[in-house]
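Structure first, then comments.
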Amino acid sequence: MILTVTPNPAVDHTIHFDEPLQTGVVHRTDDAVFTAGGKGINVAKYVSALDADATASGFLGGHFGKFVRDRLDADGIASDFVTIDADTRLNTTVLAEDGEYKLNHNGPQIRPADVDELVETAQANEPDTLLVGGSLPPGMSLSDVDRLARAGDWKIAVDMGGEYLAELDADYYVCKPNRSELAAATGRTVETDADAVEAAEELHARGFEYVLASLGADGALLVTDDEVLSAPALDVEVVDTVGAGDAVLSGFLAAREHGLSDADALRMGVLTAARVVGVAGTRVPHLEDVLTNETRVEVTTVRTR
Ligand SMILES: O=P(O)(O)OC[C@@]1(O)O[C@H](CO)[C@@H](O)[C@@H]1O
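Under the UniProt record's numbering, the sequence shown has 103 at position 103, and the numbering climbs by one with no breaks.
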């Protein structure tokens, strides 16, 4: 079972305008979607849709926390959250004619006792893989993530910003940086595919067993102990890119739960992301047939190591 820990969940509010945004103007629309979000929660939703066993955990509080909990229940996603006194946040994505605006709140204050309860919750669930996804709310530090990593006999995956990846200390199974997170984690400039490979290999050398880099329209890379694999992105219509990186990691983790190879896990990541970018916000698209019925993505070996 995969336990996904989202320290900083959110109600994701995705709102669409057919015009460019302007200051001093009231823009109005009928097109708004509210979903339960936060990177770990998205992974729980996508992994469950990929027929792997997942439970969502983390901190929830207030009305938005109740919304997230109720939505997960309604969608049949197992959950085991720590209830906090402060309010879970609301994150807004504005899709306008002039682009995609992402507005994220830093989140509620977490107390040391909340972290203790989270560690106990993780231990009680006895997952074989524990994923920590997304930003850390005020009051929670990277040493708390290392503590979670060491608190049980599980493989630990992280879907966190590059500035976090640079500082983590425990032994990690997999991390999933995007291009800018690769740059932030390594201090390198990451523009070309070759730059991405070198930065991902540097992270692997720092102790991540797998580095799964999501590169948007350029697909994804997987660095393993033995090789560097690459998979192109599918050419699909993009509604928005929210949750795309979470989808790449979800495909990878679900494939590992199903006992698939490294190449198939990378392929499943890219195929899952191709479906997720086609729906608004972090809604879950149809994913059951992702590996069997989809055009096969050709995975190539960039280099053996
Ligand atoms: O502020 P964070 O924790 O870095 O990111 C949170 C978030 O933007 O990421 C998800 C998409 O990946 C959304 O569901 C959510 O709103």
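Cβ coordinates follow ideal geometry from the N, Cα and C atoms, glycine included.
Spatial distance of residue i from residue j (CA atoms)
i, j, result
"W154", "R188", "31 Å"
"V94", "F17", "8 Å"
"S250", "V33", "22 Å"
"E191", "P232", "16 Å"
"residue 312", "A54", "Beyond the ends of the chain as shown, which are 1 and 305, falls residue 312; an answer cannot be given."
"E209", "D240", "30 Å"
"V297", "V290", "11 Å"
"Y164", "D235", "31 Å"
"D98", "E19", "7 Å"
"residue 355", "A86", "This structure cannot settle anything about residue 355, because the visible part of the chain is limited to 1 through 305."
"A194", "V248", "20 Å"
"G134", "R28", "30 Å"
"L221", "V302", "9 Å"
"P285", "V279", "7 Å"
"L148", "D159", "14 Å"
"V238", "G37", "19 Å"
"T224", "T23", "48 Å"
"L260", "D30", "43 Å"
"D169", "V5", "18 Å"
"N91", "A10", "6 Å"
"E167", "I156", "15 Å"
"D80", "K39", "16 Å"
"H63", "V115", "21 Å"
"A96", "A151", "44 Å"
"H13", "R111", "27 Å"
"D226", "V25", "55 Å"
"E202", "T186", "7 Å"
"A263", "V270", "11 Å"
"S230", "E198", "13 Å"
"I15", "L142", "32 Å"
"E288", "L50", "6 Å"
"K66", "T292", "36 Å"
"T295", "K176", "24 Å"
"F41", "F59", "Here residue 41 turns out to be Ile, not Phe, going by the sequence shown. Rounded to the nearest angstrom, the two C-alpha atoms are 11 Å apart."
"N125", "N8", "20 Å"
"V277", "Y46", "12 Å"
Limits of the unbroken alpha helix (DSSP H) element including residue i
i, result
"I110", "Taken as a continuous stretch (DSSP letters only), I110 belongs to no alpha helix (DSSP H), as it is neither H nor E."
"E100", "Unbroken run through E100 is the beta strand (DSSP E), G99 to L103; no alpha helix (DSSP H)."
"K66", "G62 to A74"
"T272", "D262 to V276"
"I77", "Note, I77: premise wrong, no alpha helix (DSSP H); not H, not E."
"D246", "A244 to E257"
"R150", "L142 to R150"
"V47", "K39 to A49"
"A200", "D193 to A205"
Neighbour-count burial assignment, residue i, 16 or more Cβ in a 10 Å radius
i, result
"G245", "buried"
"R256", "buried"
"Y101", "exposed"
"residue 307", "Here the chain covers residues 1 to 305 and nothing more, so residue 307 does not appear."
"E181", "buried"
"H204", "buried"
"D144", "buried"
"A74", "exposed"
"L21", "exposed"
"R275", "buried"
"T88", "buried"
"V68", "buried"
"L103", "exposed"
"P138", "exposed"
"G106", "The amino acid occupying residue 106 in the given sequence is Asn; Gly does not appear at that position. By the neighbour-count rule (16 or more Cβ atoms within 10 Å), N106 is not buried but exposed."
"T83", "exposed"
Those residues which DSSP pairs with residue i across a bridge
i, result
"A96", "G99"
"N178", "S214"
"H13", "F34 and T92"
"S57", "V5"
"D85", "DSSP lists no partner for D85."
"D159", "G133"
"V223", "V211 and V228"
"T300", "S230"
"Y172", "F208"
Residue i - containing beta strand (DSSP E), residue span
i, result
"S230", "E227 to A231"
"L130", "T129 to G133"
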